[in-house]
Each structure stands twice: as structure tokens, then as C-alpha cells.
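Everything below concerns the one structure shown next.
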Amino acid sequence: MKCSDIMKRGVFKLYPEDSLIKAIELFFKEGISGAPVVDEEDALLGIISETDVLRAVFKVGRGFRLVFPSSHLLGLSVEEGSIEGVEELKEEIKRIRVDEVMTSKVHTVGPDDDVEKALDIMVSRGVNRVPVMEGKKVVGIITRKEVLKILKEGLF
1351 MKCSDIMKRG VFKLYPEDSL IKAIELFFKE GISGAPVVDE EDALLGIISE TDVLRAVFKV
1411 GRGFRLVFPS SHLLGLSVEE GSIEGVEELK EEIKRIRVDE VMTSKVHTVG PDDDVEKALD
1471 IMVSRGVNRV PVMEGKKVVG IITRKEVLKI LKEGLF
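Read in the numbering used here, the sequence shown has 1496 at position 146, and its numbers run on one by one without any break.
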């Protein structure tokens, strides 16, 4: 089976100058956990995941006393009496650009590659998604969900 047979088309993408807030909003709105980062010509520059976002938020938030859970600001809130800290933390996060936290070294596949190649990348590299490339352009993405779907169809 080829990667083009199972890849998601119409990939949601981010640009390097997009803010971390925009990435978070995209993840929640579209129900995704990561997205390719591309330039104005759709050439792949990197990939950003929820893990990248959380690392950045926790790095910025280290100076704040954080309490869980809260539906506000990725589940983070500052202890009562520190409302100024919440606004300061939000402003810090707004200043972070996607290209500052994305993973630049991305393993990819082509549309004609065997699905097994994408699965091998996921397992050996510990990644959740593999962009499908034609030249320098992202034409699709394969996530663990697509791989599990074909496994389910083959096994059950």
C-alpha cells in the first residue's frame, strides 16, 4: 500500500512567523496535535507538535506558580491572587513564534513510498506524524491514526 492511499490531503499548515497562540488555536479548532511549518511557497521548514508547544509554555511559565486544572490557557492558571501573572504569562506566550519552537529536522515520505516506510519512521523516531512530500511541497500527512485505521481494517 502506498502512502498516497492513506495520507490526509488538505493539510493544515502554519508559517514560521505565526504565533504560538495561533498554533494552539489551530490544534483545538481542527482537533489535531501538530502541523507542518511551511514558507510562502509551501516548502517544508519544520513541524510543530503539542509537545513543542508545551515545552515552550512551561519554559516561559517557570517563573509563575502554576496550578492544574483549568480550561484557560492550555490547562494552566496562576494561583489565586496572581492575576497579573496570568496576563504577563499570556503576553510572553503571544510573543513566541512557531519557528522558535518547531522541530526543524523532519523525516518525510513520498506519495509513492510504501506505508511501511512511514510506520518505520513513526516507530523508530517516536513521531506521531510524517509529512508526505512531492519535491519540496507538503501534499499530505500520515498520522498514527491513519496507520491504525488500516491495521484495524486488516485485522478485524
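For each residue, glycine too, the CB sits at the ideal point set by N, CA and C.
Item, Value
"To test your reading of the DSSP string, which unbroken beta strand (DSSP E) runs of 3 or more residues are found completely within the region 1437-1487?", "1479-1484"
"Here's the rule I'm using: 16 or more other beta-carbon atoms within 10 Å means buried, otherwise exposed. How should residue 1364 be labelled?", "buried"
"On the DSSP bridge list, what partners appear for residue 1388?", "1394"
"For residue 1428 and residue 1385, I'd like the C-alpha separation in whole angstroms.", "Since pLDDT at residue 1428 reaches only 49, below the 50 mark, its modelled position is unreliable, and no value is offered."
"Less than 6 Å between C-beta atoms, sequence neighbours within five positions excluded: which residues of the same chain meet that for residue 1368?", "1448"
"Three Cβ pairs or more, each shorter than 8 Å: is that satisfied between the region 1453-1460 and the region 1476-1483?", "yes"
"Among the residues of its own chain, which have a CB less than 8 Å from the CB of residue 1488, if the five just before and after it don't count?", "1361, 1363, 1386, 1388, 1392, 1394, 1481 and 1482"
"Hey, could you find the ends of the alpha helix (DSSP H) residue 1355 is sitting in?", "1353-1356"
"How many angstroms separate the CA atom of residue 1467 from the CA atom of residue 1438?", "44 Å"
"Using a Cβ-Cβ cut-off of 6 Å (strictly less than) and excluding sequence neighbours within five positions of residue 1430, which residues of its own chain qualify?", "Unreliable placement is indicated for residue 1430, whose pLDDT of 49 sits below 50; no coordinate value is reported for it."
"With C-beta atoms as the reference, is residue 1456 less than 8 Å away from residue 1397?", "yes"
"Compute the Euclidean distance between the alpha carbons of residue 1440 and residue 1403, then round it to the nearest angstrom.", "13 Å"
"Considering only residues of the same chain and omitting the five flanking positions on each side of residue 1372, which have a CB-CB separation below 8 Å?", "1364 and 1448"
"Taking residue 1352 as the reference, which of 1366, 1410, 1492 and 1453 has the closest Cα?", "1492"
"Of all the options 1469, 1366, 1474 and 1454, which has the alpha carbon lying nearest to the alpha carbon of residue 1499?", "1469"
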